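Participant: Residue numbers (this note's numbering), protein chains in the order written: chain A, 1 to 120; chain B, 1001 to 1120. Can you read through this structure? Questions will come right after.
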DNA sequence: TGCGAACGTTAGTGCACGCTGACGGAGGAC
DNA sequence: GTCCTCCGTCAGCGTGCACTAACGTTCGCA
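As structure tokens, this is what we get:
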């Protein structure tokens, strides 16, 4: 494998794919405010505990979740650093798109002023 | 279906699913700066023109793209408003996660101060 | 040491999705 | 009119993924 290539998905790609699933976003919102055990999280949904456990694994691998063990229980919490990465991506996209829009408005106004100049 | 659940495509959900695909993110980056025709976009990738066309449809339905016709050509451009929606979502998540982290640090410091108090 | 609770893991299934190839339609050049 | 370009759409195929049921593991407790 080439040195530059990621093992199994760039970090941003994994985070995006993880957040594409509505249930995983709901889980993330749940543990954004409070640290909860896997069982408590699973109880909040109408799917099997297994499904929730798999979702938690995906979120953890994507760097969006932190895990802490306490006896037989596993406590989960949202990880701000994981969210920061793709927030930067969106900020870049958003900024460039806005720049483009601003340039358009500017060009349009300039064209209109030239037109008014000719009218005089 | 529970009352709180989305029917089959909240705007944010569609945008997230659209951005989950790496190729679609690349397309979006391509038209973030310049307005390009479907053929020009397709030429930038090593997949069929058909695949790119379907990606463009998905992005357009998600509100992330604007379409403009010019003769037989169809020109595409990134739509800042579509990006704004999910940026707000991430901002909420990010803010609450950071709030949580700040509360944790605060609680930890308070506990440490209490501990030092007992040591005296 | 045995037992139950709390989770993760594995095998299997149904469905959504990205890709391709073939086809259809709209618009310009002659 | 005919031809060509540019592009979307449909049918089909393979893969990935969310889910379930059954099993394995770790920990606390009597």
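Beta carbons are placed, not taken as given, at the ideal position from N, Cα and C, and that holds for glycine. None of the values given here were measured: they were computed from a predicted structure.
(1) Give, in chain order, every residue of the segment 1009 to 1025 of chain B whose Cβ lies closer than 8 Å to some Cβ of chain A.
(2) Alpha helix (DSSP H) containing residue 62(A): first to last residue?
(3) Let me see if you follow: with CB-CB separation under 8 Å, is residue 1083(B) close to chain A or not?
(4) According to DSSP, simplified to helix, strand and coil, what is residue 79(A)?
(5) According to DSSP, what are the bridge partners of residue 74(A)?
(6) Does any residue of chain A bring its CB to less than 8 Å from the CB of residue 1032(B)?
(7) Taking the continuous alpha helix (DSSP H) assigned at residue 32(A), which residues delimit it?
(8) I'd like the span of the alpha helix (DSSP H) that includes residue 1040(B), first residue to last.
(9) Should residue 1080(B) be labelled buried (16 or more other beta-carbon atoms within 10 Å of its own) or exposed?
(10) Taking the straight line between their C-alpha atoms, what separation do you get for residue 21(A) and residue 67(A)?
(11) Which whole-angstrom value describes the C-beta separation of residue 1038(B) and residue 1052(B), a residue pair presumed to lie in contact below a C-beta threshold of 8 Å?
(12) Name the residues in the segment 1055 to 1067 of chain B whose C-beta lies less than 7 Å from a C-beta of chain A; which are they?
(13) Using CA atoms only, rank isn't needed, just tell me which of 90(A), 35(A) and 14(A) is closest to residue 69(A).
(14) Kindly indicate which residue of 1044(B), 1055(B), 1041(B) and 1010(B) has the alpha-carbon position closest to the one of residue 1019(B).
(15) Mapping DSSP to helix, strand and coil, what is residue 50(A)?
(16) Step through the CB atoms of chain A and report whether any lies within less than 8 Å of the CB of residue 1036(B).
(17) Could you name the residues of chain A that residue 1087(B) contacts, counting a contact when the two beta carbons are closer than 7 Å?
(18) Using a C-beta to C-beta distance shorter than 8 Å, which residues of chain B count as neighbours of residue 28(A)?
(19) Can you tell me whether residue 1085(B) is helix, strand or coil according to DSSP?
(20) Note down the Cα distance separating residue 83(A) from residue 1094(B), rounded to an integer number of angstroms.
(21) Can the beta-carbon of residue 1086(B) be found closer than 8 Å to that of residue 1078(B)?
(22) Whole angstroms is fine: what's the gap from residue 71(A)'s alpha carbon to residue 1024(B)'s?
(23) Helix or strand or just coil, what does DSSP make of residue 10(A)?
Facilitator: The structure says:
(1) For chain A, the residues of the segment 1009 to 1025 of chain B that bring a beta carbon within less than 8 Å of one of its beta carbons are 1013, 1016, 1017, 1019, 1020, 1022 and 1025, in chain order.
(2) Looking up residue 62(A) in the first chain gives position 62. It is not in any alpha helix (DSSP H) - residue 62(A) carries neither H nor E in the DSSP assignment.
(3) The residue you call residue 1083(B) lines up with position 83 of the second chain. The C-beta of residue 1083(B) comes closer than 8 Å to at least one C-beta of chain A.
(4) Taking the first residue of the first chain as 1, we reach residue 79(A) at position 79. The answer is coil: DSSP assigns residue 79(A) none of H, G, I, E or B.
(5) For this step, residue 74(A) is matched to residue 74 along the first chain. For residue 74(A), the beta-bridge partners assigned by DSSP are 69(A).
(6) Numbered from its first residue, the second chain carries residue 1032(B) at position 32. Taking a beta-carbon distance threshold of 8 Å, residue 1032(B) counts as an interface residue toward chain A.
(7) Here the question's residue 32(A) lines up with position 32 in the first chain. Where residue 32(A) is concerned, the enclosing alpha helix (DSSP H) stretches over 22 to 33.
(8) Within the second chain, numbered from 1, the residue matching residue 1040(B) stands at position 40. Per DSSP, residue 1040(B) belongs to the alpha helix (DSSP H) from 1038 to 1043.
(9) Indexing the second chain from 1 puts residue 1080(B) at position 80. Counting Cβ neighbours within 10 Å, residue 1080(B) comes out buried, since at least 16 surround it.
(10) Walking along the first chain from the start, residue 21(A) turns up at place 21. Walking along the first chain from the start, residue 67(A) turns up at place 67. Between residue 21(A) and residue 67(A), the C-alpha separation is close to 20 Å.
(11) Residue 1038(B) sits at position 38 when you count from the first residue of the second chain. Residue 1052(B) sits at position 52 when you count from the first residue of the second chain. Contact flag correct, Cβ pair sits at about 7 Å.
(12) Hits within the stretch: zero.
(13) The count along the first chain starts at 1 and reaches residue 69(A) at position 69. The candidate whose alpha carbon is nearest that of residue 69(A) is 35(A).
(14) As a working note, residue 1019(B) is residue 19 in the second chain. Just measuring C-alpha positions, the residue of 1044(B), 1055(B), 1041(B) and 1010(B) sitting nearest residue 1019(B) is 1055(B).
(15) What you label residue 50(A) is simply residue 50 of the first chain in a count that begins at 1. DSSP places residue 50(A) in helix when its eight states are reduced to three.
(16) Mapped onto the second chain, residue 1036(B) falls at position 36. With its beta carbon at least 8 Å from every one in chain A, residue 1036(B) lies outside the interface.
(17) Position 87 of the second chain, counted from the start, is the residue given in the question as residue 1087(B). Near residue 1087(B) (Cβ distances below 7 Å), the residues of chain A are 90 and 94.
(18) Residue mapping note: residue 28(A) aligns to position 28 of the first chain, counting from 1. Listed along chain B, the residues sitting closer than 8 Å to residue 28(A) by beta-carbon distance are 1093.
(19) Counting from 1 along the second chain, the entry for residue 1085(B) is found at position 85. Residue 1085(B): helix per DSSP, three-state reduction.
(20) Working through the first chain from its first residue, we reach residue 83(A) at position 83. Working through the second chain from its first residue, we reach residue 1094(B) at position 94. Linking residue 83(A) to residue 1094(B) through their CA atoms gives a straight-line distance of about 6 Å.
(21) For the purposes of this step, residue 1086(B) is taken as the residue at position 86 of the second chain. For the purposes of this step, residue 1078(B) is taken as the residue at position 78 of the second chain. For the pair residue 1086(B) and residue 1078(B), the CB atoms are not nearer than the 8 Å cut-off.
(22) Residue 71(A) sits at position 71 when you count from the first residue of the first chain. Residue 1024(B) sits at position 24 when you count from the first residue of the second chain. Each residue's alpha carbon lies about 44 Å from the other.
(23) Locating residue 10(A) in the first chain gives position 10, counting from the first residue. Residue state, collapsed to three classes: coil.
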